[in-house]
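Under UniProt numbering, the first residue of the sequence shown carries the number 1, and numbering increases by one thereafter.
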Amino acid sequence: MKRTSKLPHQVDAIFTADWHLRDSVPVCRTDDFWEAQWAKVDFVAELQKKYGCRVYHSGDLFHQWKASPYLLSTTLEHLPEYFYTIYGNHDLPQHSMELRDRSGIHTLDMAGRLHVLAGAHTKKEPTAKDGFDLHGYRTLVWHEGVWQGKSPWPGCENPTAEEALKKYDMFDLIVTGDFHAPCVERSNDGRLLVNPGSLMRQSADQIDFQPRVYLWSAKTNDVVPAYLPINPDAVSREHLDVMKERDKRIEAFISRLDVDWSTELSFEGNLRKYMSSNNVDTRTKELIQKAVDL
């Protein structure tokens, strides 16, 4: 497990993203996910208290836009102070800004517990007006997946971190979200892009991932990762093996269906023939008969 070697003395902002707060449990988790989730949030809240700075979150605060009362009340209790965010795709009904008043983020905004930035929410093309001044740096918080190295999937049309910095050169600092793999990119002229990655490991492909937030210094326009403590054994791939075995059984069943069907019989007749010549249990026969109304 990675650890932050030494926290800086001066921090002017904390960057984070994709918390996906939820009251359900990801299938890959083997621990008490609810408790682990709030422990991570409390970790960020303690950093905020230590430095007295703002926390900038680049979207997908909630896993689903319709947060339950229990989830909302717990978020009210644990959310760091001076918390600034934008709407991610998971935060919005039908991914629509026109429906944002129905969302959990809007409820927290109305309660004065967080601040919604006016900037580049999900699916929005940034303009200069979406930026704001952060200690003299023109800053954009944007819910857009950017990447470094290997493309996330074949044909991915999302920009690389380098491309985003080049295209939006009206900003000195860009904080992105959506893609859960963190990256930091700097242009030749010293501008900075930070994608903090997700707060929690919520899928099996993150089994070796170390969640972090980034501590930003206005003096250098640079960041230092602050790694969150994790339980290395909290994520399992066992469910993937179960799914593979299930798929094998389905494939085997389908292959058994690949038999010679009589063209002299109706569909119903072929079904009767198949069920009589194969070990189909009574309950399954009843369901099939009910479905086709034999």
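Beta carbons: idealized from backbone N, C-alpha and C, even for Gly.
It should be emphasised that the depicted structure is a prediction, and the values quoted were computed from it without experimental measurement.
Among all the DSSP beta bridges, which residues are the ones paired with residue i?
i    : result
Y70  : Answer is none; Y70 lacks a bridge partner.
T139 : F132, L173
F62  : L21
P225 : Y214
V235 : R29
N195 : C183
Y56  : F15, Y84
V116 : T85
T160 : W147
Take the Cβ of residue i as the centre, count every other Cβ of all protein chains shown within 10 Å, and call the residue buried at 16 or more, exposed below.
i           : result
E157        : exposed
A128        : exposed
residue 320 : Given that the chain is displayed from residue 1 to residue 294, the structure contains no residue 320 and the question cannot be resolved.
D233        : exposed
M279        : In the sequence as displayed, the identity of residue 279 is Asn instead of Met. That one is exposed.
D101        : exposed
D281        : exposed
T263        : Note that T263 scores 49 on pLDDT, short of 50, meaning its location in the model is unreliable; the coordinates nonetheless yield the value given after this. The residue in question, T263, is exposed, as its Cβ has fewer than 16 Cβ neighbours within 10 Å.
W153        : exposed
H180        : buried
Q48         : buried
D32         : exposed
R283        : exposed
R29         : buried
Q10         : exposed
A226        : buried
E46         : exposed
T75         : buried
Do residue j and residue i count as a contact pair if the criterion is CB distance below 7 Å?
i    : j    : result
P80  : V116 : no
L140 : G131 : yes
L12  : W216 : It is Asp, not Leu, that sits at residue 12 in the sequence shown. A contact, by the Cβ cut-off of 7 Å.
F171 : R201 : no
I14  : V213 : yes
I105 : L72  : no
W19  : L199 : yes
T85  : P196 : no
A161 : V175 : no
P8   : V224 : yes
M275 : K290 : no
R22  : H78  : no
E177 : G59  : For the record, residue 177 in the displayed sequence is Gly; it is not Glu. Yes, these two residues count as a Cβ contact at 7 Å.
Y82  : R113 : no
A204 : H135 : no
The ligand ZN heavy atoms versus the CB of residue i: any closer than 6 Å?
i    : result
T176 : The model depicted lacks the ligand ZN and carries no ligand whatsoever.
Next on the checklist: For the pair the segment 84-94 and the segment 112-126, tell me if three or more CB-CB distances fall below 8 Å.
Outcome noted: The segment 84-94 vs the segment 112-126: in contact.
Item to check | Cβ pair count under 8 Å reaching 3, the segment 185-203 against the segment 159-172 | outcome: yes
Next on the checklist: Measuring CB atoms only, is the segment 34-42 touching the segment 60-68, in the sense that at least three cross pairs come out at less than 8 Å?
Outcome noted: no
Item to check | Complete alpha helix (DSSP H) runs within the segment 67-113 (minimum length 4 residues, chain order) | outcome: Fully enclosed alpha helix (DSSP H) runs of 4 or longer: 69-78, 104-110.
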